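Everything on this sheet refers to the single structure shown next.
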Amino acid sequence: MALSANEQPEAYRIGSQIKLATTVGLLNDTNVAASNTKAALLAAILVPALPIGSSEAIRTQTTKAINLGFDMGVLTDALIAPLTSAKGLADLTGVPATYQGRAFYD
242 MALSANEQPE AYRIGSQIKL ATTVGLLNDT NVAASNTKAA LLAAILVPAL PIGSSEAIRT
302 QTTKAINLGF DMGVLTDALI APLTSAKGLA DLTGVPATYQ GRAFYD
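Using the numbering used here, the letters of the sequence shown map in sequence onto residues 242 to 347.
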């Protein structure tokens with residue numbers, strides 16, 4: 242799906258949040274590979290205990306990013322079903338490695 246110039250920065254923010262969730266251990270290759278739907282992906286981050294040193298905000302912000310990604314069409318069940326890595330999930334958003342994202346605030 243081609244994004245407009247107005248949508249691309251938001252897609253980058255989504256990817257950046259996914260990368261952050263991966264860095265702190267909330268998302269990982271195992272739970273992304275096991276998630277074939279949006280519901281499964283959200284369950285993967287809502288059920289487990291948070292990694293030591295992480296706040297509940299990381300879970301809330303990641304949930305918000307995933308929901309927005311589905312609303313925008315950047316993430317879909319068909320796109321996440323074959324994924325085997327958290328990097329693959331972030332890559333769906335087109336976020337460049339050098340992108341410095343802003344946090345998702347409530």
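The C-beta atom is built at its ideal place from N, Cα and C for all residues, glycine as well.
No experiment lies behind these values; they were computed from the predicted model shown.
Expected contact under 8 Å - CB spacing of residue i and residue j to nearest Å
i, j, result
"alanine 252", "leucine 244", "6 Å"
"isoleucine 259", "valine 315", "Going by Cβ atoms, the distance from isoleucine 259 to valine 315 rounds to 10 Å, so no, they are not a contact pair."
"leucine 386", "isoleucine 286", "Outside the modelled stretch of the chain, which goes from 242 to 347, sits residue 386, for which no answer is possible."
Reference residue i, options the options, closest by Cα
i, options, result
"leucine 221", "Leu268, Glu248, Lys279, Thr303", "In the structure as shown, the chain begins at 242 and stops at 347. Residue 221 is therefore absent and cannot be evaluated."
"aspartate 318", "Leu282, Gln258, Pro250, Glu248", "Leu282"
"leucine 330", "Ile307, Asp312, Pro250", "Ile307"
Chain B contact for residue i (CB, 7 Å cutoff)
i, result
"threonine 339", "Annotation note: the requested chain B is absent from the structure, which comprises a single protein chain."
Burial state of residue i, where buried means 16 or more other Cβ atoms lie within 10 Å
i, result
"valine 336", "buried"
"threonine 264", "exposed"
"glutamine 341", "exposed"
Endpoints, the alpha helix (DSSP H) within which residue i is located
i, result
"serine 257", "249 to 265"
"alanine 306", "297 to 313"
The stretch 262 to 279 in contact with the stretch 314 to 324 per 3-pair CB rule at 8 Å: yes
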